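Encoded as structure tokens, the structure appears first; notes follow it.
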Ligand code: 5GP
């Protein structure tokens, strides 16, 4: 049996990765989603084990020490990591799996999974990104500032991704992402 594809989705905070992923997973069921672990406090409405595995710093670093993450990184002052077990099990079963991780994590994944497919989501503009972060209203001013500053650094990384999608229209973005995933299924790897 062929292994599944690992799809890595990155993009600056506020670009709409969560919304895009949610819609993709509703419309396209032939892919699994990797739930990350984080030390960030949960936001209103977030469910442990569904949105993230919310861990204490101690629990998180125990997993780091035990090599239980395929990648991990400090993003905007909190730690995030991708549990290894679920990714490898899913790929081994021949199923595709998608990760939504930051650029540092993606760099780390590239070392152990060079054959993965890397997709970068872009905002139509910085003004729009700021607007979206304001609208989301989940961050205080300082956090928002950090996220916007990080966005400029993150954008420099986009050339290292196989695909770039400008998230202007949600439906179109999801269609494009779906098309990439399906096309990659058919690609014969050398
Ligand atoms: P948020 O706190 O808004 O849910 O996520 C903040 C950032 O952390 C986003 O850029 C998201 O892509 C990234 N992120 C979420 N999960 C992971 C992960 O498992 N690993 C890494 N490296 N980044 C993650």
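Residue numbers (our numbering): 311 to 500.
Every residue gets a Cβ at the ideal spot worked out from N, C-alpha and C, and that includes glycine.
Please read these numbers as outputs of a predicted model, since none were measured by experiment.
9 Å Cβ cutoff met for residue i and residue j
| i | j | result |
| --- | --- | --- |
| residue 323 | residue 461 | yes |
| residue 477 | residue 325 | yes |
| residue 413 | residue 463 | yes |
| residue 432 | residue 475 | yes |
| residue 427 | residue 494 | yes |
| residue 367 | residue 339 | no |
| residue 345 | residue 363 | yes |
| residue 439 | residue 458 | yes |
| residue 473 | residue 419 | no |
| residue 444 | residue 454 | yes |
Residue i versus residue j - alpha carbon distance
| i | j | result |
| --- | --- | --- |
| residue 329 | residue 401 | 24 Å |
| residue 396 | residue 332 | 19 Å |
| residue 373 | residue 379 | 7 Å |
| residue 481 | residue 421 | 32 Å |
| residue 382 | residue 442 | 26 Å |
| residue 390 | residue 347 | 6 Å |
| residue 313 | residue 405 | 7 Å |
| residue 447 | residue 409 | 24 Å |
| residue 376 | residue 369 | 11 Å |
First and last residue of the uninterrupted alpha helix (DSSP H) at residue i
| i | result |
| --- | --- |
| residue 331 | 327 to 337 |
| residue 485 | 480 to 496 |
Min CB distance residue i to chain D below 9 Å
| i | result |
| --- | --- |
| residue 431 | Among the protein chains of the structure shown there is no chain D, as only one such chain exists. |
Nearest residue (CA-CA) to residue i, options the options
| i | options | result |
| --- | --- | --- |
| residue 386 | 452, 447, 424 | 452 |
| residue 489 | 321, 327, 320, 334 | 334 |
Any non-hydrogen atom of the ligand GTP within 8 Å of residue i CB
| i | result |
| --- | --- |
| residue 374 | This structure simply doesn't include the ligand GTP; it includes the ligand 5GP instead. |
- Query: Which whole runs of the beta strand (DSSP E) in the region 385 to 444 are 3 residues long or more, in chain order?
  - Reply: 388 to 393, 406 to 410, 427 to 432
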